[in-house]
């Protein structure tokens, strides 16, 4: 474990051991019910106000958002717990969110350097049956079904991960990314932004 990393909580000891062995870990109740419920309402309000992007390269025509202020703030909120589970000092890079719809899938892929340590956090789904996420494991695939507030921590840069076709109506997922503060990708801090909660490119200043 790197110097200055906090002590692992007893409830997270299994996740710590799992991550050390496989490079992924199920993290139950990463966000408590009240906070999870807040994000469910917040993200739906953001969508209703037209403040989301309509799709991306991985999942076209599905509402998404990069670097939202609330979910970027969540990066700092969970950082101490994730550092303890991963056994590393971490730097936050960016957050992302999607509202998946019927028929969406997620092709098998690995992430870019800013996603060295990745978290897929379930906010909720309708109906309530979990939509499995699959992660590469010892030559095969490991399947995880996440309840609201549960997360999967995994080495996004190293491990292939995917989802099969979604048969439910709606699944809200938040993605939170970090890099090793002492590793080769530390320069990815804030994903090239001056700070969390800012867009990738700021408009030029206006002078009056």
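Residue numbers (the working numbering): 7 to 214.
Where a beta carbon is used, it is the ideal one built from N, C-alpha and C, also for glycine.
Classification of residue i by the beta-carbon crowding that lies within 10 angstroms, buried from 16 upward
i           : result
residue 2   : In this structure the chain extends from 7 to 214, so residue 2 is not present and cannot be described.
residue 26  : exposed
residue 130 : buried
residue 149 : exposed
residue 214 : Because the pLDDT of residue 214 is 43, which lies under 50, any placement of that residue in the model is unreliable, and the question is left without a value.
residue 9   : Here residue 9 scores only 49 on pLDDT, less than 50, and its place in the model should not be relied on; the value that follows carries that caveat. Exposed, by the Cβ-count rule.
residue 121 : buried
residue 200 : exposed
residue 159 : buried
residue 104 : buried
residue 57  : exposed
residue 98  : buried
residue 198 : exposed
residue 155 : buried
residue 64  : exposed
residue 232 : Limits of the chain in this structure are 7 at one end and 214 at the other, which puts residue 232 out of reach.
residue 18  : buried
In DSSP terms, what residue i is bridged to
i           : result
residue 98  : 184
residue 33  : 157
residue 59  : 70
residue 147 : 142
residue 178 : 105 and 130
CB of residue i within 8 Å of CB of residue j, strictly
i           : j           : result
residue 94  : residue 186 : yes
residue 178 : residue 84  : no
residue 161 : residue 111 : no
residue 126 : residue 117 : no
residue 69  : residue 53  : yes
residue 73  : residue 205 : yes
residue 163 : residue 136 : no
residue 193 : residue 108 : no
Range covered by the beta strand (DSSP E) that runs through residue i
i           : result
residue 39  : Premise fails: residue 39 lies in the alpha helix (DSSP H), 39-54, not in any beta strand (DSSP E).
residue 167 : 167-169
residue 124 : 123-132
Below-8 Å beta-carbon distance, residue i vs any chain C residue
i           : result
residue 195 : This model lacks chain C altogether; it includes just one protein chain.
Start and end residues, alpha helix (DSSP H) containing residue i
i           : result
residue 75  : 75-92
residue 113 : Element bounds for residue 113: not the alpha helix (DSSP H) but the beta strand (DSSP E), 112-115.
residue 25  : 19-28
Cβ-Cβ separation, residue j to residue i (assumed contact under 8 Å), whole Å
i           : j           : result
residue 180 : residue 114 : Actually they are not in contact, since the Cβ atoms of residue 180 and residue 114 sit about 21 Å apart, beyond 8 Å.
residue 128 : residue 165 : In fact, because the Cβ distance is near 18 Å, the residues do not count as touching under 8 Å.
residue 142 : residue 183 : Going by Cβ atoms, the distance from residue 142 to residue 183 rounds to 18 Å, so no, they are not a contact pair.
residue 90  : residue 22  : 7 Å
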